[in-house]
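Data block below; observations after.
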Amino acid sequence: MSPTGYVRLMLGIIGVLFVCNFAGTEIAAHTNTQPLKAIAGLAMMDHETSVPTLFNYLLILINAMLLGVIANRSFAVHDRWRWHWVILCAIFLLLSYDEAAQLHERLSSVGAHLVEAKGIFRFAWIVPMGAAVTVFSLGFLNFLLHRPRQIAGLMIVSGAIYVMGAMGIEMLGGLYVSAHGMAESQGSVGFELLCGVEESLEMLGMALFGFTLLTILEQGTQDTRNPPRA
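For the sequence shown, counting from 1, position 149 maps to 156 in this note's numbering; every step adds exactly one.
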């Protein structure tokens, strides 16, 4: 599949999941039938065992596999950035595991020691995760500067979209929960809207990054600014 065909397919699926999220929310809010609530939950983006969560996991895993292919090709031509591709592959494998196991939630206790867990920091895992994103960005800055301009731009945009969803909208969700309480927030239209936007941005970022990786594979993994090392 071409990069364009891939991203169009992923965007179509994300759009359908976004609509189904609200349909599931409305059904769950207006029925007392447990089987129907369970079915509706499969479409809701804030549920850990839902179709959108599974799809997001698969998007991340696909990117990890594509990064593995790029890393393998980079080693074959002795590319100077080959270990950066390996590290990226490992990070995405960790992200896919986190999406399935929700490991980042356990970082809330770490963040709670650094800031008061309320307001935008209601979900305190944002603090250590934000530090990790900063370190990663600085560590990969030189790598990014040596990508072709189009690829570098796509990487920056896809990463920004993902972080905006995973952390930016999560902060807004923290404000909402702090104002209304967790019990009242869950299942409410406002909270589900935030969850839908958050998860959709994460999936959009991953889909765009997949497009970027497929473009790299289509064009070749060679760094045009630096010859391969022997």
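Glycine included, each C-beta is placed from N, C-alpha and C at the ideal position.
Where does residue i land, buried or exposed, given buried means 16+ other C-beta within 10 angstroms?
i	result
Thr56	exposed
Leu110	exposed
Glu209	buried
Pro42	exposed
Pro234	Since pLDDT at Pro234 reaches only 44, below the 50 mark, its modelled position is unreliable, and the value read off the structure follows with that caveat. So Pro234 counts as exposed.
Ser165	buried
Asn39	exposed
Leu24	buried
Arg236	Caution applies to Arg236, whose pLDDT of 45 falls short of 50 and renders its modelled position unreliable; the value that the coordinates give is listed next. So Arg236 ends up on the exposed side.
Met51	buried
Leu101	exposed
Ala35	buried
Thr231	Any reading at Thr231 is ruled out, since the residue's pLDDT is 42, under 50, leaving its predicted position unreliable.
Leu66	buried
Gly189	Checking the sequence, you will find Met at residue 189 rather than Gly. Met189 is exposed by the Cβ-count criterion.
Leu161	buried
Ser9	exposed
Ala108	exposed
Ala47	buried
When you compare the CB positions of residue i and residue j, do they come within less than 9 Å of one another, or not?
i	j	result
Leu179	Leu211	no
Leu74	Leu221	no
Val184	Arg129	yes
Ile77	Ile223	yes
Leu49	Gly31	yes
Phe143	His91	no
Glu199	Asp53	yes
Pro59	Cys27	yes
Phe82	Ile20	no
Tyr64	Glu33	no
Val93	Val140	no
Am I right that residue i and residue j are in contact with their C-beta atoms under 8 Å? What's the rounded C-beta distance?
i	j	result
Trp88	His187	Actually they are not in contact, since the Cβ atoms of Trp88 and His187 sit about 47 Å apart, beyond 8 Å.
Glu206	Gly181	In fact, because the Cβ distance is near 16 Å, the residues do not count as touching under 8 Å.
Met174	Gly137	6 Å
Hey, is residue i close to the ligand MG, as in C-beta under 8 Å from one of its heavy atoms?
i	result
Gln193	With respect to the ligand MG, the structure offers nothing, as it holds no ligand at all.
Meets three-Cβ-pair contact criterion under 8 Å: the region 215 to 228 and the region 70 to 80: By the Cβ test, the region 215 to 228 is in contact with the region 70 to 80, since at least three Cβ pairs between them sit closer than 8 Å.
Inter-stretch contact (C-beta, 8 Å, three-pair minimum) for the region 184 to 197 and the region 133 to 152: Segments in contact, no.
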